[in-house]
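Just below is one structure, and these are the notes that go with it.
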Amino acid sequence: MPADTDKPREECGIFGVYGKNLNVARITYYGLYALQHRGQESAGIAVSDGRKVLLHKDMGLVPEVFSQGTLEQMAGHIAVGHVRYSTTGSSQPINAQPLVFRYARGTLGLAHNGNITNIWDLRSQLTSTGSVFQSTTDSEVIVNLIARYSQNALEEALAKCMIDIKGAYSLLIITEDSLIAVRDPYGFRPLCLGKLDDGYVVASESCALDTVGAQKVRDIKPGEIVIIDDQGIRSMSALSQRKKAHCIFEYIYFARPDSEMDGFHVSRVRREMGRQLAREFPVEVDLVIPVPDSGTTAARGYAEESGKPFEEGLMKNRYIGRTFIQPNQDMRDMGVRLKLNPMRYMLEGKRVLMVDDSLVRGTTSRKIVKMLRDSGVKEVYLCLSSPPVIKSCYYGIDTSNEDELVAAHMSVNEIKSLIGVDGLHYLSIDGLLNIFGKYRENFCTACFDGKYPVEVVKPKESGKFSLE
Ligand code: SF4
Numbered sequence: 002m003p004a005d006t007d008k009p010r011e012e013c014g015i016f017g018v019y020g021k022n023l024n025v026a027r028i029t030y031y032g033l034y035a036l037q038h039r040g041q042e043s044a045g046i047a048v049s050d051g052r053k054v055l056l057h058k059d060m061g062l063v064p065e066v067f068s069q070g071t072l073e074q075m076a077g078h079i080a081v082g083h084v085r086y087s088t089t090g091s092s093q094p095i096n097a098q099p100l101v102f103r104y105a106r107g108t109l110g111l112a113h114n115g116n117i118t119n120i121w122d123l124r125s126q127l128t129s130t131g132s133v134f135q136s137t138t139d140s141e142v143i144v145n146l147i148a149r150y151s152q153n154a155l156e157e158a159l160a161k162c163m164i165d166i167k168g169a170y171s172l173l174i175i176t177e178d179s180l181i182a183v184r185d186p187y188g189f190r191p192l193c194l195g196k197l198d199d200g201y202v203v204a205s206e207s208c209a210l211d212t213v214g215a216q217k218v219r220d221i222k223p224g225e226i227v228i229i230d231d232q233g234i235r236s237m238s239a240l241s242q243r244k245k246a247h248c249i250f251e252y253i254y255f256a257r258p259d260s261e262m263d264g265f266h267v268s269r270v271r272r273e274m275g276r277q278l279a280r281e282f283p284v285e286v287d288l289v290i291p292v293p294d295s296g297t298t299a300a301r302g303y304a305e306e307s308g309k310p311f312e313e314g315l316m317k318n319r320y321i322g323r324t325f326i327q328p329n330q331d332m333r334d335m336g337v338r339l340k341l342n343p344m345r346y347m348l349e350g351k352r353v354l355m356v357d358d359s360l361v362r363g364t365t366s367r368k369i370v371k372m373l374r375d376s377g378v379k380e381v382y383l384c385l386s387s388p389p390v391i392k393s394c395y396y397g398i399d400t401s402n403e404d405e406l407v408a409a410h411m412s413v414n415e416i417k418s419l420i421g422v423d424g425l426h427y428l429s430i431d432g433l434l435n436i437f438g439k440y441r442e443n444f445c446t447a448c449f450d451g452k453y454p455v456e457v458v459k460p461k462e463s464g465k466f467s468l469e
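For the sequence shown, position 306 matches number 307 in my numbering, and the numbering has no gaps at all.
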């Protein structure tokens, strides 16, 4: 995890479109733009005109990878796109997606969001029987498995793959004549279906449907395969229903607040988190301020519930992007100051409750708290809209290794001293789950409680293959 973020990282966003009268490459470009928060390392689009699949992908943000000219050359009526964030060391063009390959039944392109948890077993089984791998992504293992089952029709091959692969996967697949969406039986990562004119759109988040003017139809169900082609749209349930395990961190931090997934609006859930924080941790303060933007909605919820005034006490510089040159050692403190500036006139002499979404290592929070104190704040309290992150995620989120997670090794009191606040409160797991009412059992909370819904098979030979 880069030193400047101190946040978990989402690893991918996917977007697909099928429509005879649609400019599918351009629509996918805008769809990926809307999903850029889910991955900033590489971007790619594969397009089919019914005969051949064209691919363009590279390292960089969506507008850096695609020019007007590139998009104009990508004519067709089916497209699949992908944005990717990768962990350090595997940020290479070869790992960019979609992965496009030829196999016995033609050409197939794959865009994947999630992590396969039995990847080492599958990879060694496939390698021992002759498979060759080009990239270090688990997505290539899926591609190899599909090719293994090529004696079957594609949807049957996919259903067979779903028996073999364990873990988190939302997939979009393009062939010469179809667009296929697949969601793992637990529904870890989001995936939704929309209608656009006579065509269909599938995206990681509904905000991308809104961006391209599509109407959300529904979420893709856990364990479902949806096929869109000349015949229209059809669905099959590939695996029997499991206990759902939607990633709760999508609601806490990753997903855009204007997205709606699996029946819950992200922004509404975040506001409720803030309200619940106010009930769990009432403090006598003068102001409630967010760490922008991730803490903003929950801070509003806290302010509403507590009756305390909400103020934007930290101003964010919105123009710091991926290519920003990090300050060197002697200028370290400037890193946070470049991004956030305290509004001294508003804060001086005040007791302030600050709301953020989560805390991974605590380094950034410590700097923000120091900045607030330097600006004359009298008392600082910190509320987090996630419970303590004590375990790593193996389902498609980079939460850092367990030894980097401050809450895995320190008590709340110790963390409070480390970051220098007068009070610290994490949202309780129960308080978080209660927001979802009777659906509270439908979520994965493994990074908070270690209850992994799907077993994680560790590599037999470390260093051979890395989880992406
Ligand atoms: Fe999401 Fe945490 Fe579960 Fe990973 S372990 S899927 S981040 S809730």
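Note that the Cβ used here is the ideal one computed from N, Cα and C, for glycine as well.
Residues in its own chain within less than 7 Å of G464 by CB, not counting five upstream and five downstream? Counting from one through the sequence shown, the residue named residue 464 turns up at place 463. Any reading at G464 needs caution, since the residue's pLDDT is 38, under 50, leaving its predicted position unreliable; the model's value is listed next. Here the set comprises nothing.
Given that a residue counts as buried once 16 or more other Cβ atoms are within 10 Å of its Cβ, and exposed if not, what is G90? Taking the first residue of the sequence shown as position 1, residue 90 is located at position 89. Low per-residue confidence applies at G90: pLDDT is 39, beneath 50, and the placement is therefore not dependable enough to give any value.
Thinking C-alpha only, which one of G14, V356, Y382 and V370 is nearest R338? Start at 1 with the first residue of the sequence shown, and residue 338 comes out as number 337. The candidate whose alpha carbon is nearest that of R338 is V370.
Which residue marks the beginning of the beta strand (DSSP E) containing D470, and which one marks its end? Because the chain here runs from 2 to 469, residue 470 falls outside it and cannot be looked at.
In this structure, how does DSSP classify D263 when only helix, strand and coil are distinguished? Here residue 263 is taken as the residue at index 262 of the sequence shown, counted from 1. Coil at D263, not helix or strand.
Looking at A76 and I46, is the spacing between their C-beta atoms short of 9 Å? Residue numbering aside, residue 46 sits at position 45 when the sequence shown is read from its first letter. Residue numbering aside, residue 76 sits at position 75 when the sequence shown is read from its first letter. It is not a contact, given that the beta carbons lie outside the stated cut-off.
Do the CB positions of E251 and G275 come within less than 9 Å of each other? The count along the sequence shown starts at 1 and reaches residue 251 at position 250. The count along the sequence shown starts at 1 and reaches residue 275 at position 274. Contact flag unset, no.
Just verifying my parser: in three-state terms, what is the DSSP assignment at A239? Counting from one through the sequence shown, the residue named residue 239 turns up at place 238. Residue state, collapsed to three classes: coil.
Can you pull the DSSP bridge partners for V48? In the sequence shown, the residue the question calls residue 48 occupies position 47. V48 pairs with L55 and A80.
Would L192 and I15 be called neighbours here (beta carbons separated by less than 9 Å)? Position 191 of the sequence shown, counted from the start, is the residue given in the question as residue 192. Position 14 of the sequence shown, counted from the start, is the residue given in the question as residue 15. Cβ atoms of L192 and I15: closer than 9 Å.
Do K167 and the ligand SF4 come close, with the Cβ less than 8 Å from some heavy atom? For the purposes of this step, residue 167 is identified with residue 166 of the sequence shown, where counting begins at 1. K167 Cβ: outside cutoff for every heavy atom of the ligand SF4.
Expected contact under 8 Å - CB spacing of S140 and H113 to nearest Å: By one-based count along the sequence shown, residue 140 stands at place 139. By one-based count along the sequence shown, residue 113 stands at place 112. Right, the Cβ-Cβ distance comes to about 4 Å (below 8 Å), so this counts as a contact.
Taking 8 Å as the cut-off, is the beta-carbon of A80 closer than that to any non-hydrogen atom of the ligand SF4? On the sequence shown, position 79 is the one that residue 80 refers to. The answer is no for A80.
heavy atom of the ligand SF4 below 8 Å from I249 C-beta: Reading the sequence shown from its first residue, position 248 is the one you call residue 249. Distances taken from the Cβ of I249 to the heavy atoms of the ligand SF4 include one shorter than 8 Å.
Quick one: which unbroken beta strand (DSSP E) runs of 3-plus residues sit fully inside the segment 368-456? Chain order, please. 380-385 and 424-427
Leaving out five residues before and five after C162 in sequence, what residues of the same chain have Cβ atoms less than 8 Å from its Cβ? Mapped onto the sequence shown, residue 162 falls at position 161. Correct list, in chain order: I143, L146, I147 and Y150.
Output the distance between the C-alpha atoms of G438 and S429, rounded to the nearest integer angstrom. What you label residue 438 is simply residue 437 of the sequence shown in a count that begins at 1. What you label residue 429 is simply residue 428 of the sequence shown in a count that begins at 1. Rounded to the nearest angstrom, the two C-alpha atoms are 15 Å apart.
From the DSSP secondary-structure annotation, give me the bridge partner or partners of P191. Here the question's residue 191 lines up with position 190 in the sequence shown. By DSSP's assignment, P191 forms no beta bridge with any residue.
Environment of V413 [buried if 16+ CB atoms lie within 10 Å]: Residue 413 sits at position 412 when you count from the first residue of the sequence shown. With fewer than 16 Cβ atoms within 10 Å of its Cβ, V413 is classed as exposed.
Report the CB separation of R319 from T298 in whole angstroms; it is logged as a contact under 8 Å. Taking the sequence shown and counting its residues from 1, one reaches residue 319 at position 318. Taking the sequence shown and counting its residues from 1, one reaches residue 298 at position 297. That pair is no contact at about 17 Å.
May I have the straight-line CA-CA distance separating G188 from D431, to the nearest angstrom? Start at 1 with the first residue of the sequence shown, and residue 188 comes out as number 187. Start at 1 with the first residue of the sequence shown, and residue 431 comes out as number 430. A straight line joining the alpha-carbon of G188 with that of D431 spans about 21 Å.
How do the segment 196-206 and the segment 122-130 stand: do at least 3 beta-carbon pairs fall below 8 Å, yes or no? Contact between the segment 196-206 and the segment 122-130 is not established, with fewer than three Cβ pairs separated by less than 8 Å.
Return helix, strand or coil for T128, following the three-state DSSP convention. On the sequence shown, residue 128 is found 127 positions in, with the first residue counted as 1. Residue state, collapsed to three classes: helix.
N- and C-terminal bounds of the alpha helix (DSSP H) containing P64: Here residue 64 refers to the residue found at position 63 of the sequence shown. Per DSSP, P64 belongs to the alpha helix (DSSP H) from V63 to V66.
Please classify Y396: is it buried, with 16 or more other beta-carbons within 10 angstroms of its beta-carbon, or exposed? What you label residue 396 is simply residue 395 of the sequence shown in a count that begins at 1. The residue in question, Y396, is buried, as its Cβ has 16 or more Cβ neighbours within 10 Å.
At 4 residues or longer, what runs of the alpha helix (DSSP H) sit wholly inside the segment 132-201? For the segment 132-201, whole alpha helix (DSSP H) runs of length 4 or above, ordered along the chain, are 140-149 and 155-165.
Would you check if the distance between the CB atom of V361 and the CB atom of P291 is smaller than 9 Å? As a position in the sequence shown, residue 361 is number 360, starting the count at 1. As a position in the sequence shown, residue 291 is number 290, starting the count at 1. Not in contact: V361 and P291 (Cβ atoms no closer than 9 Å).
Hey, S241 and I226: beta-carbon distance below 9 Å or not? By one-based count along the sequence shown, residue 241 stands at place 240. By one-based count along the sequence shown, residue 226 stands at place 225. No, they are not a contact pair.
Residues bridged to S359 by DSSP? By 1-based counting over the sequence shown, the position of residue 359 is 358. S359 pairs with nothing; no bridge assigned.
When G296, K309, G308 and M332 are compared against L315, the one with the closest alpha-carbon: As a first step, residue 315 is located in the sequence shown; it is residue number 314 there, counting from the start. Ranking the options by Cα distance to L315, first place goes to G296.
Please state the DSSP three-state secondary structure of K476. Lying outside 2 to 469, the shown extent of the chain, residue 476 is not represented and no answer is given.
Is K392 near the ligand SF4, judged by its Cβ being under 8 Å from some heavy atom? Residue mapping note: residue 392 aligns to position 391 of the sequence shown, counting from 1. Yes, the ligand SF4 has a heavy atom inside 8 Å of this Cβ.
Say yes only if the C-beta of C448 is nearer than 8 Å to one or more non-hydrogen atoms of the ligand SF4, and no if none qualify. Residue 448 sits at position 447 when you count from the first residue of the sequence shown. Yes; taking the cut-off as 8 Å, the Cβ of C448 has a heavy atom of the ligand SF4 nearer than that.
Cβ-heavy atom distance between T400 and the ligand SF4 below 8 Å? Here residue 400 corresponds to residue number 399 of the sequence shown, with the count starting at 1. True, at least one ligand heavy atom lies under 8 Å from that Cβ.
Is the segment 154-171 touching the segment 116-128 in the sense that three or more CB pairs, one from each, lie closer than 8 Å? yes
Cut-off 7 Å between Cβ atoms - residues of its own chain near E273, not counting five sequence neighbours on either side: What you label residue 273 is simply residue 272 of the sequence shown in a count that begins at 1. Counting only Cβ-Cβ distances below 7 Å, and skipping sequence neighbours, we find G302 and I436.
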